[in-house]
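Asks: Chains as they are written, first to last, in my numbering: chain A, 308 to 521; chain B, 308 to 521; chain C, 308 to 521; chain D, 308 to 521.
Protein chains: 4
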Amino acid sequence: MARPQTDIEAGRAELLTVVDDLVRKRGAVDISMTDLAAAAGMSPSNLYRFFENKEALLEAVAERFFEDKSKIMVEVTESDLPVRNKMYEFFARRFLVMVQKYEAEPDLLKSYLEIGQQHFEVVRGYVDLGDHYLSLIVAEAMEQGYFQGLSIDETVSLINQMIHCYTNPESIIYIGTGKLRVEKLAHIVDAMFNGLGVQASAELTKESHIKIVS
Amino acid sequence: MARPQTDIEAGRAELLTVVDDLVRKRGAVDISMTDLAAAAGMSPSNLYRFFENKEALLEAVAERFFEDKSKIMVEVTESDLPVRNKMYEFFARRFLVMVQKYEAEPDLLKSYLEIGQQHFEVVRGYVDLGDHYLSLIVAEAMEQGYFQGLSIDETVSLINQMIHCYTNPESIIYIGTGKLRVEKLAHIVDAMFNGLGVQASAELTKESHIKIVS
Amino acid sequence: MARPQTDIEAGRAELLTVVDDLVRKRGAVDISMTDLAAAAGMSPSNLYRFFENKEALLEAVAERFFEDKSKIMVEVTESDLPVRNKMYEFFARRFLVMVQKYEAEPDLLKSYLEIGQQHFEVVRGYVDLGDHYLSLIVAEAMEQGYFQGLSIDETVSLINQMIHCYTNPESIIYIGTGKLRVEKLAHIVDAMFNGLGVQASAELTKESHIKIVS
Amino acid sequence: MARPQTDIEAGRAELLTVVDDLVRKRGAVDISMTDLAAAAGMSPSNLYRFFENKEALLEAVAERFFEDKSKIMVEVTESDLPVRNKMYEFFARRFLVMVQKYEAEPDLLKSYLEIGQQHFEVVRGYVDLGDHYLSLIVAEAMEQGYFQGLSIDETVSLINQMIHCYTNPESIIYIGTGKLRVEKLAHIVDAMFNGLGVQASAELTKESHIKIVS
DNA sequence: TATGAATGAGCCTTCATTCAT
DNA sequence: AATGAATGAAGGCTCATTCAT
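Spelled out as structure tokens, the structure:
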């Protein structure tokens with residue numbers, strides 16, 4: 308009788324943990340399969356039972372990075388909070404998770420960002436998923452009379468731009484967690500609901516004080 | 308040994324140009340010292356007269372990336388445009404330079420971003436410089452009665468957040484040049500001058516509809 | 308433990324079929340034991356019940372390659388065709404089998420050749436077997452008056468040389484199936500029976516126009 | 308002042324000698340770049356200054372194998388021997404070179420054959436070159452009245468087939484140097500000049516005793 | 001000053017084989 | 001009898017860097 312078949316999925320997960328440790332210690336650039344194997348207590352060749360490639364491994368790492376954030380999006384969207392709060396939580400919760408990660412291990416976050424940059428399809432997938440859930444929330448808000456005169460897509464795009472720096476991990480590093488605060492985020496969400504719609508945008512367009520450069 | 312300092316400086320500059328070509332052709336990851344030497348028409352060993360390290364070289368590359376943007380900041384700040392326009396130009400010009408670069412060679416920009424990410428001190432320096440000049444403009448605006456009730460630092464921070472996605476190269480890639488437009492930037496700048504100050508912020512804070520999560 | 312011998316034998320045969328498929332798909336060089344196991348639907352380790360080695364496996368493959376050709380030799384030799392036709396068929400049939408294989412899958416044949424080259428004992432065995440059967444046919448021909456004045460061995464050797472390019476798989480590749488035709492082979496066999504014997508060879512030797520180098 | 312630039316070509320040549328030694332000792336299959344480097348007294352990486360690839364290296368090896376034979380072809384073709392002798396020498400000299408190599412180191416020849424098989428373009432190039440020179444000789448012979456009624460290409464093809472086993476290194480191994488002798492080759496060349504042409508082939512076609520299988 | 005040669009350590013990956021089960 | 005896990009050794013190759021000249 309054969310040995311029980313190892314749960315490849317479990318092995319993968321464990322390896323990702325090891326990768327996490329390694330990235331923490333040595334940064335993203337320098338993880339070699341050999342090192343990973345050593346850290347995981349197995350032979351380099353055995354790694355290839357779990358991941359076809361270094362590429363595939365790194366992709367999995369990138370995916371794992373977004374896992375908890377994706378879960379938050381689902382949870383919040385499916386909750387029965389009032390829309391405005393839903394919107395706030397939609398951004399705030401993920402932001403806070405990121406802040407927490409950043410403050411605990413700034414370099415680790417930077418390293419993951421680097422990995423993400425090299426596996427942009429994964430990032431893009433996450434961004435698209437975010438747009439999907441955001442548009443659900445926007446639709447809900449529209450039913451309640453918000454964002455009049457705007458299409459769902461327009462609204463999603465505007466919202467994304469307004470809170471971009473609470474969404475993009477990179478921003479945390481650029482701007483710093485000292486300056487990015489949920490309180491400000493709350494203001495922005497308020498401004499969103501109060502100001503995004505027909506009347507407001509009409510007024511602004513009317514009297515632009517600025518000549519636009521080519 | 309006439310002017311060694313200068314010679315070295317000139318060599319460095321020339322090398323950076325060559326690096327630019329190489330990054331354009333092969334991406335950030337794959338520049339090897341050997342290839343660079345070949346492309347520069349010199350021996351690998353001679354490279355080390357100009358840069359102590361590959362590390363040092365890359366740092367210089369990152370610095371060069373911000374050169375033109377830094378120049379724009381100085382120019383605009385020192386110009387005698389009205390403050391509001393000054394503010395707009397302060398962001399718009401750099402944004403447009405970046406858009407142009409991105410649209411001409413998206414991968415090249417991504418490559419530079421990658422390099423930047425690995426040399427964050429350089430990025431941080433540029434960000435700080437930006438804050439410095441921005442605070443000059445803000446001070447000028449305050450003299451004309453804008454941003455009342457806010458400190459310079461607070462204002463700088465809020466402004467930075469509001470236009471963050473026109474400032475951060477990463478955003479261009481995330482959001483796309485289709486959605487990020489100078490017209491929108493103009494609106495945001497307008498909103499800044501019209502809305503950032505005592506009255507406005509007072510109202511918002513008064514009736515925040517949102518309970519803040521931990 | 309009913310009939311271990313037979314079971315093993317059957318497994319071996321089946322494995323060789325699988326190898327054939329694999330060689331067809333991936334060439335001779337790239338068959339790995341792991342792949343073979345996968346293709347055969349068994350574990351790599353189980354392979355070693357059937358073949359001690361990769362070496363042993365490949366040897367068996369080489370042997371199998373000659374199987375049908377060996378069978379043809381027996382059949383033709385034991386048939387009651389007239390000798391001349393027997394001789395022709397002796398070569399033509401095997402040649403045609405090979406041509407057919409080559410034209411259907413040129414690379415497959417090349418791959419087998421490669422394997423053969425690495426297991427020359429097997430090839431040598433086949434060649435010796437060919438000589439054996441050929442000498443039977445030659446003996447039969449001699450009883451009918453052909454090849455007078457030549458020994459069986461001499462005749463066998465000369466015949467082998469004359470039709471060598473219809474015998475050697477390699478030749479098909481070098482010369483091409485466009486130029487190697489059974490019609491030509493027929494001529495050569497005719498020339499053999501008509502010209503190989505006392506008178507002819509006497510004449511030739513008499514007036515060799517050529518001085519022989521060292 | 309820089310070191311004098313090493314003659315890459317010389318290095319290549321020397322490396323090929325080392326490869327020769329290695330092939331002699333270990334066979335063709337198992338030459339690794341690492342081994343070669345060790346045998347050549349240099350680091351593996353340095354090998355790549357001389358050959359871009361293992362592939363390129365092996366190609367050069369294959370080319371070198373044919374070098375002396377190519378030279379013989381030129382020499383003989385350009386000599387002012389009588390055509391018949393020229394033809395004989397054209398094949399005999401190369402055959403003798405090969406025999407000599409084979410008898411000195413049978414396994415070495417086999418190994419080279421293996422390499423040749425894996426770099427068929429090189430072999431094909433040599434074969435084509437052979438055809439070229441042979442056609443020059445054939446043309447010369449035709450001017451003297453030989454091979455009447457046949458085109459140059461037809462003649463070349465027929466000749467190639469007739470002496471194929473003195474031409475193809477593989478044959479030496481299959482047939483053995485005991486049975487392949489220059490005396491026989493001389494007979495064949497004689498038969499070529501005496502028998503290849505209108506009259507002869509007319510007779511043969513007239514009375515083929517053999518029914519041709521599909 | 002500047003060179004080309006040369007290296008050594010490391011990279012990712014493959015694979016025949018063994019072994020506990 | 002048969003398995004899947006696991007390995008160790010090796011494969012080709014790259015590259016930052018050093019060093020004698």
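The C-beta atom is built at its ideal place from N, Cα and C for all residues, glycine as well. Since the model is a prediction, treat every value here as computed from it, not as a measurement.
1. Strictly below 7 Å CB to CB, what residues from chain B border Val434 of chain A?
2. How far does the alpha helix (DSSP H) with Leu403 of chain D in it reach, from first residue to last?
3. Three-state secondary structure (DSSP) at Asp314 of chain B?
4. Compile a chain-ordered list of the residues in the segment 413 to 425 of chain B whose CB is closer than 8 Å to at least one CB of chain A.
5. My output table needs one value for Val434 of chain B: the three-state DSSP class, helix, strand or coil.
6. Start and end of the alpha helix (DSSP H) containing Arg356 of chain C?
7. If you compare alpha carbons, which of B:Asp387, B:Ser478 and B:Ala399 is closest to Gln424 of chain A?
8. For the segment 463 to 474 of chain C, enumerate the residues whose C-beta is nearer than 7 Å to any C-beta of chain D, in chain order.
9. On the CB-based measure, 16 or more other CB atoms within 10 Å of its CB, does Glu522 of chain D come out buried or exposed?
10. Could you give the C-beta distance for Leu323 of chain D and Val368 of chain D, rounded to a whole number, given that I count them as a contact under 8 Å?
11. Counting only C-beta atoms, is Leu487 of chain B closer than 9 Å to chain A at any point?
12. Could you tell me the boundaries of the alpha helix (DSSP H) in which Asp460 of chain D lies?
13. So what does DSSP say about Val326 of chain D, is it helix, strand or coil?
14. In three-state terms, what does DSSP make of Phe454 of chain D?
15. Grouping DSSP H, G and I as helix and E and B as strand, with all else coil, what is Gly502 of chain B?
16. What distance in whole Å lies between the Cβ atoms of Tyr419 of chain B and Phe372 of chain B, which are believed to be in contact at a cut-off of 8 Å?
17. Assuming contact is defined by CB atoms lying nearer than 9 Å, are Phe357 of chain A and Arg319 of chain A in contact in what I supplied?
18. Quick check: Leu415 of chain B and Ile466 of chain B, are their CB atoms within less than 9 Å of each other?
19. Let's test the definition: count the other Cβ atoms within 10 Å of the Cβ of Met308 of chain A and tell me whether it reaches 16, buried, or not, exposed.
20. Nearest-angstrom Cα distance between Phe454 of chain C and Glu490 of chain D?
21. Using only CA atoms, which one of D:Val326, D:Lys378, D:Met340 and D:Val496 lies nearest to Arg401 of chain D?
22. Give the secondary structure of Thr484 of chain C by DSSP, where H, G and I count as helix, E and B as strand, and everything else as coil.
23. Would Leu329 of chain A and Ile315 of chain A be called neighbours here (beta carbons separated by less than 9 Å)?
24. How many angstroms separate the CA atom of Asp375 of chain A from the CA atom of Ser458 of chain A?
25. Under three-state DSSP, which class holds Asp497 of chain B?
26. Could you say which of D:Glu396, D:Gln451 and D:Asn353 lies nearest to Leu492 of chain D if we only look at CA atoms?
27. Only counting the same chain, and skipping five residues up and downstream in sequence, which positions put a Cβ closer than 6 Å to that of Ala335 of chain A?
28. Name the chain C residues that come within less than 8 Å of Ser458 of chain D, Cβ to Cβ?
29. Cβ closer than 8 Å: which chain B residues qualify as neighbours of Lys376 of chain A?
30. Run through DSSP, which three-state label would Ser442 of chain A get?
31. Beta-carbon of Val430 of chain A versus every beta-carbon of chain B: anything under 9 Å?
32. Measuring only between beta-carbons, confirm whether Ser478 of chain A sits less than 9 Å from chain B.
33. Output the distance between the C-alpha atoms of Ala344 of chain A and Glu366 of chain A, rounded to the nearest integer angstrom.
34. Cα separation between Leu443 of chain C and Tyr440 of chain D?
35. Decide if Ala317 of chain D is buried, meaning its Cβ has at least 16 other Cβ atoms within 10 Å, or exposed.
36. Compute the Euclidean distance between the alpha carbons of Asp327 of chain A and Met405 of chain A, then round it to the nearest angstrom.
Replies: In brief:
1. Tyr481
2. Val390 to Ala411
3. helix
4. Lys417, Leu420, Glu421, Gln424 and Gln425
5. helix
6. Pro351 to Phe357
7. B:Ser478
8. Ser464, Asn467, Gln468, His471 and Cys472
9. With chain D covering 308 to 521 only, the question about residue 522 of chain D has no answer from this structure.
10. 6 Å
11. yes
12. Ile459 to Met469
13. helix
14. coil
15. helix
16. 5 Å
17. yes
18. no
19. Confidence in Met308 of chain A is poor, its pLDDT being 41 and thus under 50, which makes the residue's placement unreliable; the coordinate value appears in the next sentence. Exposed is the call here.
20. 19 Å
21. D:Lys378
22. coil
23. no
24. 30 Å
25. helix
26. D:Glu396
27. Ser418, Glu421 and Ile422
28. What Ser458 of chain D touches in chain C: nothing, since even the nearest Cβ is about 13 Å away.
29. Correct list: empty, because the minimum Cβ distance to chain B is about 14 Å.
30. helix
31. yes
32. yes
33. 17 Å
34. 41 Å
35. exposed
36. 16 Å
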